[in-house]
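Participant:
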Amino acid sequence: MKKIEDPIPKFKSEDEEREFWAAHSPLDYFDCGRVRRASFQNLKPSTIPFSPSVYEHAAFLIGRTPWEVSRDVDLIVEAHRAAFVEYRHSPIIVGIDIYNLEPEAYGAQVTPGSEGMPAIREPLVHSLEEAMQLRPFDPHRAGRIPMIIEAGMRLAEELPEADVRIPISGPFSIAANLRGIAGLLEDVALHPETTRDWLMRLAENQKAFCSLVVESGLDVAFFESAAAPPLLSPRQFREIELPPLRRAMDMAKEITGHPVPCVIGGDTTLILEDLLSTGTGYVICPAETDQAAFVAKSAGYPHVAVRINLDPNTVAYGTREQIAGEIDRILALAATRPNCLLGTGCLPYETPPENVYFIREYVLSCP
Numbered sequence: 009m010k011k012i013e014d015p016i017p018k019f020k021s022e023d024e025e026r027e028f029w030a031a032h033s034p035l036d037y038f039d040c041g042r043v044r045r046a047s048f049q050n051l052k053p054s055t056i057p058f059s060p061s062v063y064e065h066a067a068f069l070i071g072r073t074p075w076e077v078s079r080d081v082d083l084i085v086e087a088h089r090a091a092f093v094e095y096r097h098s099p100i101i102v103g104i105d106i107y108n109l110e111p112e113a114y115g116a117q118v119t120p121g122s123e124g125m126p127a128i129r130e131p132l133v134h135s136l137e138e139a140m141q142l143r144p145f146d147p148h149r150a151g152r153i154p155m156i157i158e159a160g161m162r163l164a165e166e167l168p169e170a171d172v173r174i175p176i177s178g179p180f181s182i183a184a185n186l187r188g189i190a191g192l193l194e195d196v197a198l199h200p201e202t203t204r205d206w207l208m209r210l211a212e213n214q215k216a217f218c219s220l221v222v223e224s225g226l227d228v229a230f231f232e233s234a235a236a237p238p239l240l241s242p243r244q245f246r247e248i249e250l251p252p253l254r255r256a257m258d259m260a261k262e263i264t265g266h267p268v269p270c271v272i273g274g275d276t277t278l279i280l281e282d283l284l285s286t287g288t289g290y291v292i293c294p295a296e297t298d299q300a301a302f303v304a305k306s307a308g309y310p311h312v313a314v315r316i317n318l319d320p321n322t323v324a325y326g327t328r329e330q331i332a333g334e335i336d337r338i339l340a341l342a343a344t345r346p347n348c349l350l351g352t353g354c355l356p357y358e359t360p361p362e363n364v365y366f367i368r369e370y371v372l373s374c375p
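Numbering (this note's numbering), first residue to last: 9 to 375.
#1: Within its chain, find whatever has a CB closer than 7 Å to the CB of T322; leave out the 5 residues flanking it on each side and keep chain order.
#2: Going by DSSP, which residues form a beta bridge with D227?
#3: Where does L349 fall in DSSP's three states?
#4: Which of the three DSSP states, helix, strand or coil, is assigned to C374?
#5: If F92 and L167 are in contact, beta carbons under 8 Å, what's the gap, nearest whole angstrom?
#6: For R255, does the three-state DSSP call read helix, strand or coil?
#7: Could you check if M257 is buried or exposed, using at least 16 other CB atoms within 10 Å of its CB as the buried criterion?
#8: Is the region 272–291 in contact with the region 191–208, if contact means three or more CB pairs nearer than 8 Å?
#9: Measure the Cβ-Cβ separation of M125 and P200 and say whether it is below 8 Å.
#10: With DSSP as the reference, label T327 as helix, strand or coil.
#11: State the start and end residues of the unbroken beta strand (DSSP E) segment that holds V291.
#12: Tell me the rounded alpha-carbon separation between V291 and E137.
#13: Where A295 and H311 are concerned, what is the direct C-alpha to C-alpha distance, given to the nearest angstrom?
#14: Would you call the CB atoms of V133 and A127 closer than 8 Å?
#15: Going straight from the alpha carbon of R255 to that of E212, what length do you get?
#16: Whole alpha helix (DSSP H) runs in the region 234–278 with 4 or more residues, listed along the chain?
#17: Which residue wins for smallest C-alpha separation from S61, given the options E123, R129, P120 and P175?
#18: How many angstroms separate the CA atom of T276 from the CA atom of P320?
#19: Rounding to the nearest angstrom, what Cα-Cα distance links E228 and C218 in this structure?
#20: Grouping DSSP H, G and I as helix and E and B as strand, with all else coil, what is A116?
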């Protein structure tokens, strides 16, 4: 890592600090080689668990790009091990670009995108007719799935106290990468029944992947953020996406022996009852939705864990005062129902670790 030459300047106001970070990268002021595990031994236990979401940020902690880490099993293990040592978060979701795994296994091409993030630039199929001809992939050998499974097994062995999970994408998120989001939304509007049939096939095709995860001694977490409003209206979600989503969640429950987390970002308050009808035991309350309304609507399901997310931009770029204010707001929401967690959403790659330390310390110090 390069030597950090210049100290962070002292700011006269929050506006001055915001202007500075808008024009500078935290990477220029943070030395990854000097990261050390934090210890807060004298702080009181918190009434709410803190669970940051670490994907591409894990690459930052070892001074690598997301692309480099995403293609190398040793780097994936190193990055997620480093993140767990730093943050002790739960669960560990193995991977960097979690929504690309299944589309790549079907044959889509993943290339380095902006700032080294893996991306699918071109759709694999250009019509519903092509899409319906796709054959299921073999998770034992397709794409990077065997590498992710290996990384998960190694992390579970090295970190027996950790909850290590493999990301499983929902049918709409897979379809969005295979067909392209514009093409898929056109299909939803013009051919809703055929689109639902395709999504159901994609859901059924996840059975072999889920089974391999469990056979490998690991657990799953379910991700389906592409399906959230405003991309789909609540009616479209209920009529087109919900049946295959429910099938995928039921299948995952049958294979794992328990309800699995259903992680859907976006403006999800309007579809919350539909999400809960899948039988999941864990949902997120995204920063993009009306969080007060979401928490209130979830009150009738106290057995379901709700992770209320901080705004990830505030986590990455906010001042201490802004971060503390955001935490206070979420703690007030969490006090209105049992079984809440404090989350971050997906941590941006360059999030300063000291900001995550601050959140954990602040939460642990709350009465």
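The beta carbon of each residue, even a glycine, is placed where N, CA and C say it ideally should be.
Facilitator: By the coordinates alone:
#1: Q330, I331 and E334
#2: R173
#3: strand
#4: coil
#5: 6 Å
#6: helix
#7: buried
#8: With a cut-off of 8 Å, the region 191–208 and the region 272–291 do not count as touching, because too few Cβ pairs lie within range.
#9: no
#10: coil
#11: Y290 to C293
#12: 34 Å
#13: 22 Å
#14: Contact check for V133 against A127 fails: the beta carbons are separated by 8 Å or more.
#15: 8 Å
#16: 250–264
#17: P175
#18: 17 Å
#19: Per the sequence shown, the amino acid found at residue 228 is Val instead of Glu. Using only the alpha carbons, I get a separation of about 7 Å.
#20: coil
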